[in-house]
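Reviewing the structure listed below.
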Amino acid sequence: MIIGRLDPRTAAGILAAVLGGAVLAGCGGGDGSQNAATNLSPQVRNQLAAIAGLGQSKSTVVTAVGTSVDVYSAPTDNQPSSTLASPNENSVKRIFLVQAKMPGWWQVMLPVQPNGSTGWVKADQVSASETPYRLVVSRGHHLLQVFSDGKQIAQEPVAIGTTDTPTPGGRFYLMELLRPRNPNGAYGPYAFGLNGFSTSLSSFEGRKPVIGLHGTNEPKMIGKDVSHGCIRLSNDAITRLAQTVPLGTPVDIVA
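Just so we're aligned, residue 1 is where the sequence shown starts under UniProt numbering, counting upward by one.
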């Protein structure tokens, strides 16, 4: 559903903004085992440990410094393939998760379809920073793990998409943070918008089906496959997350 008016206050220095040009695909409407990780198979444990970034504890994030960012398919191109306005349609500065670097350029993940799209941006159009955080969502175990500097600092049970509207797998990042006017509504008190989109829906309520990470007004559904693709946490959990991790933080969604 579309969020209405928002509280303009911020959380942990991160701008809270409405996703005006896109709607979170899995939003609707916790309980769950605090020891869910103890049931993980060795294979899944190894996968999560690898993704958590052992030996690679920080990620680079770049933020637009001007009113737009030109995106190039390759650093050797003379003309950009697209230009992204900044702030975006939701009054949030463009933020990108970095994949690679070369002199004068950053290769970044893009907030466009299809999922996993990347491009190159000029270093003089962005400013760089680092985040020690990383989120890992294990869909099969309905579990979100929070890592800082390669070490797990928290885990939370989650709800994910249904068979018909699954939560897509892959690497994403936290692109936007919104704070709904009604903290007891379908999104809970906070909702992050990822740079990824539903792979089963072409639109959601007339807009792009952005995948979100948010609270819920149906805590009994935590731990189940019930959403349109979004990842739902308890309201306490999403509040802690919103007060801890910055925009640009990578999110790895695994089996």
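Note that beta-carbon positions come from the ideal geometry of N, C-alpha and C, so glycine has one too.
N235 by DSSP, collapsed to three states: which one? In this structure, N235 counts as helix in the three-state DSSP scheme.
Helix, strand or coil for L241? Go by DSSP, reduced to three states. Three-state DSSP puts L241 in a helix.
Is DSSP giving P219 helix, strand or coil here? It is helical.
What ranges does the beta strand (DSSP E) occupy inside the stretch 109-196, keeping only unbroken runs of at least 3 residues that lie completely in it? Listed in chain order, they are 118-122, 126-131, 133-138, 143-148, 151-157 and 170-178.
N- and C-terminal bounds of the beta strand (DSSP E) containing H214: K208 to H214 is the span of the beta strand (DSSP E), which, as asked, contains H214.
Identity of the residue in I231, W105, G215 and M175 nearest E89 by Cα: Among I231, W105, G215 and M175, the Cα nearest to that of E89 is on M175.
Burial state of I153, where buried means 16 or more other Cβ atoms lie within 10 Å: Per the 10 Å Cβ criterion, exposed.
Note down the Cα distance separating I238 from L178, rounded to an integer number of angstroms. Between I238 and L178, the C-alpha separation is close to 11 Å.
Assign A85 to one of three DSSP states: helix, strand, or coil. Strand.
For the beta strand (DSSP E) that contains S64, what are its first and last residues? Here residue 64 turns out to be Ala, not Ser, going by the sequence shown. Start and end: S59 to A64.
Report buried or exposed for E130, applying the criterion of at least 16 other Cβ atoms within 10 angstroms of its Cβ. When all chains shown are included, E130 counts as exposed.
Within this structure, are the beta carbons of A186 and I231 separated by less than 9 Å? Taking 9 Å as the Cβ cut-off, A186 and I231 do not qualify as a contacting pair.
S59: buried (16+ other C-beta within 10 angstroms of its C-beta) or exposed? Of the other Cβ atoms in all chains shown, 16 or more fall within 10 Å of the Cβ of S59; this residue is therefore buried.
Span separating the alpha-carbon of G170 from that of V61: Their backbone Cα atoms lie some 18 Å apart in a straight line.
Starting from P103, trace the beta strand (DSSP E) in both directions and tell me its first and last residue. The continuous stretches of beta strand (DSSP E) do not include P103, and DSSP gives it neither H nor E.
How big is the Cα-Cα spacing for K122 and S227? The C-alpha of K122 lies about 38 Å from the C-alpha of S227.
On a CA-only basis, which of V108, W120 and Q145 is nearest P75? Give me that one, please. Of V108, W120 and Q145, the residue nearest in Cα terms is W120.
Looking only at DSSP bridge pairs, what is L247 linked to? Partner(s): none; L247 has no beta bridge.
If I measure Cβ to Cβ from G248 and keep anything under 7 Å in the same chain, skipping five residues before and after, which residues do I get? Cβ within range, chain order: V61, I95, L97, T131, Y173 and L174.
Residue of L143, T63 and D164 minimising C-alpha distance to A255: Shortest Cα-Cα distance from A255 to any of L143, T63 and D164 involves L143.
Cβ distance (whole Å) where S68 is taken to contact S81 below 8 Å: A Cβ-Cβ distance of about 14 Å is found for the pair S68 and S81, leaving them out of contact under the 8 Å criterion.
Using beta-carbon positions only, say whether T63 and K101 come within less than 9 Å of one another. The answer is no: Cβ separation not under 9 Å.
Whole angstroms is fine: what's the gap from D149's alpha carbon to L135's? Between the C-alpha atoms of D149 and L135 there is a straight-line separation of about 12 Å.
Please report the straight-line C-alpha distance between L241 and D124, rounded to a whole angstrom. Rounded to the nearest angstrom, the two C-alpha atoms are 31 Å apart.
Could you work out which residue in N235, P103 and S86 is closest to N184 when comparing CA atoms only? Measuring from the Cα of N184, the nearest candidate turns out to be N235.
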